[in-house]
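To start, the structure under review is shown below, and the notes come after it.
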Amino acid sequence: MITVKSAREIEYMRESCRIVKETLEYVGRNIRAGMTTKQVDELVYKYIVGSGAVPSSLGYEGYPASSCVSVNETVVHGIPSDRVIKEGDIVSVDITAEKNGYNGDAARTFMIGDVGEEKRRLVKVTEECFFKAVENLRAGTPLYDIGYAVQTYAESYGYGVVRALTGHGIGREMHEDPSVPNYGRKGTGIRLKAGMTICIEPMINMGTYKVDFSREDGWTVTTADKKPSAHYENTVLITEDGVEILTL
Ligand code: MF3
Ligand code: CO
Ligand code: CO
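Okay, here's the thing in C-alpha cells:
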C-alpha cells in the first residue's frame with residue numbers, strides 16, 4: 000500500500016531527514032584512511048542517538064549495525080567490520096534514522112584521498128543520476144520515469160545499473176511501497192501523488208550490473224566482476240509542482 004503523508008507526518012519526516020543529512024555531513028568531515036568501517040559506524044551511532052533519534056537499521060531483520068558502509072566493490076549493505084579504509088577507496092555510507100515514528104534514509108559515496116579519474120567519474124555520474132531522476136518529477140509523473148532517467152544517463156557512460164535492489168517508499172517504515180527501480184520504461188508505472196515520500200537511490204557499477212549476495216553474512220552485496228560501485232540516495236517528497244529533497 001502506498002501512503003500519502005499528511006502535513007503533520009511530513010513535518011516529522013523533515014525532522015528525521017534533517018538528522019540523516021547532518022549525520023552524513025558529520026561522517027564526511029571525519030572519515031579518513033586508516034579508520035575501520037566499524038569506526039565509521041560508531042560515528043553514525045553517536046550522531047543519530049545524540050540527535051534524539053534511533054538508527055533504524057540496527058536490528059532490522061537482524062542487521063547488526065547503525066549504518067551500511069560499503070567499500071569499492073561492495074554495492075550496498077556492507078556490514079561495519081575491521082576492514083580498514085585506505086587511500087584511494089570509495090566508501091558508501093547509507094543510514095536511516097527514526098524519530099517520532101518516522102524515517103529518513105540517505106547515502107553518500109565518499110572518496111578517500113586521491114581515488115583516480117575513473118572512480119571520481121563513477122561517483123559523480125551516480126550523483127548526477129539522482130538529479131536527472133528528480134529533474135522533471137512532480138505529482139502525476141509515472142513512477143518508472145525515475146528509473147528511465149537513471150538508466151539512460153548511467154548507461155550513456157557504459158556503466159551497469161543494479162537491478163537486484165531498488166529504491167522504495169518511506170515513512171513509518173523504512174521500506175514502504177512502491178518499489179522504485181533504477182531502470183524502466185518511460186511513461187509506465189503508477190502516477191505519483193503529492194504527499195508521497197520515496198527514496199531514490201541509484202546504485203551504479205563501473206562494470207557489469209550483476210551482483211552477488213554474500214552467503215556468509217547474508218547481507219553484503221558485491222559487484223559480480225568485483226569492479227567498483229557507487230551509491231547515492233535521498234528521501235524525496237513529491238509535491239504538486241516538483242519535489243522537495245528532504246535529506247539535502
Ligand atoms: N538504508 C538502506 C536502503 O536504502 C536499507 C538498509 S537495510 C539494513 O534501503 F538492514 F541493511 F540496514
Ligand atoms: Co538507504
Ligand atoms: Co533506501
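So for the sequence shown, numbering that gives the first Met the number 0 puts the first residue at 0; every next one is plus one.
Here a beta-carbon is modelled for each residue, glycine too, at the ideal position from N, C-alpha and C.
### TYR101 - partner residues in DSSP beta bridges
Paired residue(s): LYS98.
### Query
How long is the line joining the alpha carbons of ILE145 and VAL26, rounded to whole angstroms?
Going by the C-alpha atoms only, they are around 28 Å apart.
### Query
With a CB to CB cut of under 6 Å and the five nearest residues on each side skipped, what residues in its chain are close to LYS20?
A distance below 6 Å between beta-carbons, with the five flanking residues on each side excluded, links LYS20 to the following residues of its chain, in chain order: THR246.
### Query
Is ALA52 buried or exposed, if buried means 16 or more other CB atoms sit within 10 Å of its CB?
Under the 10 Å beta carbon count, ALA52 is surrounded by 16 or more other beta carbons and is classified as buried.
### Task
Report the rounded CA-to-CA distance for ARG214 versus ALA106, giving the unit in angstroms.
About 24 Å.
### Message
Counting beta carbon pairs with one atom in the region 86-100 and one in the region 226-239, are three or more of them shorter than 8 Å?
### Response
These segments touch.
### Task
Return yes when the Cβ of ILE199 is within less than 8 Å of the Cβ of VAL160, no when it is not.
Not a contact, by the Cβ cut-off of 8 Å.
### Task
Closer than 6 Å by C-beta to THR131: which residues in its own chain qualify, once you throw out the five before and the five after it? Chain order, please.
In the sequence under discussion, the amino acid at residue 131 is Lys, which differs from the Thr named in the question. Hits under 6 Å: ALA148 and TYR152.
### Query
Does the Cβ of ASP104 lie closer than 7 Å to at least one heavy atom of ligand 2?
Yes, Cβ of ASP104 sits closer than 7 Å to a heavy atom of ligand 2.
### Own chain residues within Cβ distance below 7 Å of GLU97, not counting five before or after
Correct list, in chain order: SER15, ALA52, VAL53 and SER55.
### Query
Per DSSP, CYS67 is paired with what?
Beta-bridge partners assigned by DSSP to CYS67: ASP93.
### Endpoints, the beta strand (DSSP E) within which MET202 is located
Bounds of the beta strand (DSSP E) holding MET202 are 202-204.
### Query
Roughly how many whole angstroms lie between the Cα atoms of TYR11 and CYS67?
Rounded to whole angstroms, TYR11 to CYS67 spans 23 Å at the Cα level.
### Query
Does the separation of the CB atoms of GLY77 and THR219 fall below 8 Å?
In this structure, GLY77 lies near THR219, with their beta-carbon atoms less than 8 Å apart.
### Message
Our contact map puts VAL179 next to LEU142 with C-beta atoms below 8 Å; I'd like the distance itself, whole angstroms only.
### Response
Contact check for VAL179 and LEU142: beta-carbon distance about 7 Å, within the 8 Å limit, so the pair qualifies.
### Query
With C-beta atoms as the reference, is VAL210 less than 8 Å away from ALA163?
Contact flag set, yes.
### Task
Have a look at the DSSP bridge pairing and note the partners of HIS167.
Note: HIS167 sits in a beta bridge opposite SER178 and CYS198.
### Query
Residues bridged to ASP211 by DSSP?
The partner list for ASP211 (beta bridge, DSSP) reads THR221.
### Query
Where does GLY58 land, buried or exposed, given buried means 16+ other C-beta within 10 angstroms?
GLY58 should be labelled exposed.
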